[in-house]
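The sequence shown lines up with residues 721 to 1664 when you count with the working numbering.
All C-beta atoms in this analysis are idealised placements derived from N, C-alpha and C, irrespective of residue type, glycine included.
Comments concern the structure below.
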Amino acid sequence: MTAPTPPAPPFRDPAAPVPERVDDLLSRLTLDEKIGFLHQFTPGVERLGVAPFRTGQEALHGVAWMGPATVFPQAVGLGATWNEDLVRRVGEAVSAEVRAMRARDDRVGLNVWSPTVNLLRHPLWGRGEEGYSEDPRLTSAIATAYTRGLRGSHPTYWRTAPVLKHWLAHNNETDRDTASSSVRPRVLHEYDLRAFRETVEAGAVAGVMPAYNLVNGRPNHVSPYLRSQLRAWTDQELLVCSDAGAPSNLVDSEHYFDTHEEATAAALKAGVDSFTDHGTDAAPITARVRGALERGLLTEADIDTAVRRQLSVRFRLGEFDGYEEAGAFDTPEHRALAQEAAEQAVVLLKNERGLLPLAPGRRLAVVGLLADECKLDWYSGTLIHRSTPLEGLYERFGAERVEFAEGVDRIRLRTAAGTFLHVPPAGDDTPAPAAEGALDPALLAGRTDLPPLTTDATGTELALVDWGEGVLTLRAPDGRYLSAAEDGYLRASADQPGGWVVRETFRLEPHGDGHLLRHLGTGHHVSVTAEGVKVAATGGEIFEPVVAERGEEAVARAAARADVVLVVAGNDPHINGRETEDRTTLRLPAHQERLLRAARDTNPDTVLALVCAYPYAVDTEPLPAVLWTAHGGQAAGTALARVLAGDVSPAGRLPQTWYADDRDLPDLLDYDVIGARQTYLYFEGTPLFPFGHGLSYASFGYTDLSATVGTGSVRVSCTVTNTGDVTADEVAQLYTRAEDPSVPRPRRELLAHRRLTLAPGAAAEVSFDVPLSAFGYWDVAHGRWRLAPGRYALLVGASSADVRLRATVALDGEPAAPRPVRERGLDAADFDEQSGTEIVDRTKEAGDAVTPAAGKSGELLFRDCDFGTGVTSVTVAVAGEGVVEVSLAGGAGGPVRAVLATGTPTPGPYDYVSLVTGLAAEGVHDLRIGLRGPVRLARVGFSG
């Protein structure tokens, strides 16, 4: 007789509730197996038929790091479309390609680390290309659309499991793993948390990734907000995946914990479920977990909690039900969608004299360093298809009507001996070794299969580009960039600058009568040896650049022969602004300024097309037309050409403010958008171009505004009419402003938007239902959201500055109430205003304290403090060393009513003591607290 087949375990039963299936599988795992699940590369459990699993597949604007894939516009370009339906379809295409690629390569993961919802608070942030907008609502709308596309439409199974990056308040690459973002409660709730919250609440998010930085003195990988905020927003289990190497940073760079066992335990208990550390080697992490268990820092229940969250995601992906999707890869539909997205991302910033669209029959000069480039960024896939602006214009207008001048400086480098750098022939045209499926492209080495540079009597003419701040690239005549591989030799070997450490950038440094050539990737100078030209730690050849032609000379010649000049300028996503490197200025690099000036001075009909990941401060006054697009992926050139020709009317809108000058910017590390008057929400100056700005080849009229206050919402509607003569998209935008606020509120704040297509003469009603909660703010006096009663302006138009219709509604709300300080006291971080302070961690686990910023005295203002019938004493909880001064009402010069000094320093920053002194007060007063010296103030209480 044949033995009966044993019944399948309950976790294999698709009809059972997922939580029960997760618990069943969890109960079958040994402790060692569960510990193994805590690393990014989770091993399989053969006895249970459980396959290995990897968290983390980059998919920001297409599948990245796994070889050829459809490349869509950068995330900031998708943000510029203001089109949720489009972005959802992009997400669907990306997730379909993930499934298709996984079918042939099981290293492709289904847990995708995307999208990035960090707000574009500061335009100099190096990773601005990864975010969608400076506005939390627009960011959330676009991120929600993308996650819904990534999740897929199956009622039960998720196509991929999206993880939002990077939790929380992360906008600086400078000291990114040691810098602390000081985030006051209002900014935390109204700005930084909002984009995450609204996206998570939409229901298509599988988890988040904490950022490298600290918030209020505490690393994000032990953030109490993971528990108190994130997990409170949804009933779904969310998988929190660490950023790469961040668990080790808790000890190694941040020195927040003394041992890795303590750090690992703290991160796990705070809510980190999967540890991305030491690449594919799980041994260090699993050893730390075992050590933490042995020391009693963790329990098996803590481990179960984390493993349960991972398993929950895997069940949603259909792993234990044999669910598979064939997916789709590089289909005609995906190619068309990439072009549609690139077209919709183009923003027309200026268009005078009707220069655009280009009139038929005109001769065009296409010039600039980006004119024949299709740049990729760190999170791009490998191009299958490629379209540069030049190629797109050739295709659209015909090569005979388009002249090209790149604008590089053409030089030879002469040595002290009188010889010149020489690029030897590469021999056959053997392509570069395949780099498909590089799980970590940072580990890819430079090529060593080509001959190193030498010197000879005539040398090789090189194309030099200065990308700003003296950062140069040098390109050989065959189009390959000079690069230094790990053996130190210089070769013409790279198709583009790139890599985690860019090996294709140099700097010419004046030295005596010539220049040293420093290779920036290694920091070493270039030397000439008998074996070839190489970079070396010592020595360095003295070079004299011999210029054959300046770039502006070629540009001027082409411009003189053309009816219209198109200058294509911008950035290389791997240079002067990228992950690990913030920008230092808004200015366009001097090399590109020279080219723009040469074109403009030669031909007044000069159009500037900025192809870049970031805003620039450019003098647009002499230019009749200006456009911007982010690096637009595989169809970027075709899309730009179609917009210039008028085949498509541009309708992209700026997702962030374009400031006119560096002087308009706050410090990069100043995260107080309210106090520092940052973003369009609070900025009081005149921007170069405002948030939401973008022109069209059509014109639009706005009429018939109505606003009705209902139960729980305000309904706003208007009619938008295409009054032009071409079919075009318009983006109707609704903003609000509190008319008589009692606290600083945004000058205007986006409530909703709608992108719609209208034929000439066509009209459409646009309606928005805005929940009353959207008009609220975080009331620090009572630690909760509050809708203040009063009048609110409703502003409808084509941008934050181009308001066409206005109405005012009166909203009922909760009247302001004074702070009941006698009963509840004050948390120091709940101030209304401050100067000279920063928020720090009260303990390593939770809570905030306030301390003076380095070298400053701190001032805190708490408005409308109710002392009731009277108090006679004040108590402060402080750590460190210093003085706390308390005064009532009046300005900063008001009399100090109480002084509390620590006397001797406390043993450590978390060793708080209570200081008490007399203070007589009754009724309602503003309370001002001064902090002198390195003292940490956690709390203030009153009694008597």
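Measuring straight from C-alpha to C-alpha, what distance separates A779 and Q949? 26 angstroms
Below 8 angstroms, can you find three or more Cβ-Cβ pairs linking the stretch 1368-1376 to the stretch 1480-1492? no
Counting along the chain, where does the alpha helix (DSSP H) carrying P930 start and finish? No alpha helix (DSSP H) contains P930, which is instead part of the beta strand (DSSP E) from 927-930.
Below 9 angstroms between beta carbons: does that hold for G1366 and L1078? yes
Quick one, which of D1424, D1584, A861, A1205 has its alpha-carbon nearest L1525's? D1424
Can you give me the start and stop residues for the alpha helix (DSSP H) that P739 sits inside? 738-748
If you scan the stretch 1075-1162 from start to end, which runs of the alpha helix (DSSP H) of 4 or more residues do you find wholly inside it? 1109-1117
Rounded straight-line distance, which links the Cα of G869 to that of Q794: 16 angstroms
Assigned secondary structure, R1659 (DSSP; H/G/I helix, E/B strand, else coil): strand
Assigned secondary structure, A1061 (DSSP; H/G/I helix, E/B strand, else coil): helix
Identify whether S860 lies in helix, strand or coil by the three-state DSSP scheme. helix
State the beta-bridge partners of E1229 as determined by DSSP. L1236
Which residue or residues does DSSP assign as beta-bridge partners of A1448? L1478
Please specify which runs of the beta strand (DSSP E), each continuous and at least 3 residues long, are wholly inside the stretch 820-896, giving them in chain order. 831-836, 881-887
I think D1584 touches P1538, with their Cβ atoms under 8 angstroms apart; what is that distance to the nearest whole Å? 4 angstroms
State yes or no: is the C-beta of V1603 within less than 9 angstroms of the C-beta of V1655? yes
Helix, strand or coil at N1071 according to DSSP, with G and I counted as helix: strand
Of the residues S873, A813, V796, the one placed nearest E849, counting alpha carbons only: V796
Beta-carbon within less than 8 angstroms of R1034's beta-carbon, same chain only, minus the 5 sequence neighbours each way: which residues are those? F773, F1040
Contact set for F1226: own chain, Cβ-Cβ below 7 angstroms, skip 5 residues either direction: L1192, L1194, L1237, R1238, H1239, L1240
Let me confirm a value: R1549 is counted as buried when at least 16 other C-beta atoms fall within 10 Å, else exposed. Which label applies? First, the residue type needs correcting, since residue 1549 is Ala and not Arg in the sequence shown. Buried, by the Cβ-count rule.
Burial state of S1663, where buried means 16 or more other Cβ atoms lie within 10 Å: exposed
Going by C-alpha distance, which of R1317, L830, R896, S900 is nearest R879? L830
For the candidate residues E1601, P1217, P1491, whose alpha-carbon lies nearest to that of G1653? E1601
List the whole-angstrom C-beta distance separating F1409 from L1635, where the pair is believed to meet the contact cut-off of C-beta under 8 angstroms. Not really, about 52 angstroms apart at Cβ, beyond 8 angstroms.
Per DSSP, what are the beta-bridge partners of K1254 in this structure? Y1209, S1247
Is it a yes or a no for the stretch 1417-1432 touching the stretch 924-934, going by three-plus beta-carbon pairs under 8 angstroms? no
Am I right that A899 and L1385 are in contact with their C-beta atoms under 8 angstroms? What's the rounded C-beta distance? About 17 angstroms separates the two Cβ atoms, so there is no contact after all.
Which full runs of the alpha helix (DSSP H) of 4+ residues lie inside the stretch 1524-1595, going along the chain? 1541-1544
Which full runs of the alpha helix (DSSP H) of 4+ residues lie inside the stretch 1253-1316, going along the chain? 1271-1280
I need the DSSP call for T1443, collapsed to helix, strand or coil. coil
Throw me the rounded Cβ distance for the G782 and S853 pair, which I believe falls under 8 angstroms. About 20 angstroms separates the two Cβ atoms, so there is no contact after all.
Can you say whether S815 is buried or exposed, counting buried as having 16 or more other CB atoms within 10 angstroms of its CB? buried
Enumerate, from N- to C-terminal direction, the unbroken beta strand (DSSP E) stretches of 3 or more residues contained entirely within the stretch 1321-1382. 1326-1331, 1345-1349
Boundaries (first-last residue) of the beta strand (DSSP E) holding G999: Careful: G999 lies outside any beta strand (DSSP E) and carries neither H nor E.
Quick check on R1511: buried or exposed, where buried means 16 or more other Cβ atoms within 10 Å of its Cβ? exposed
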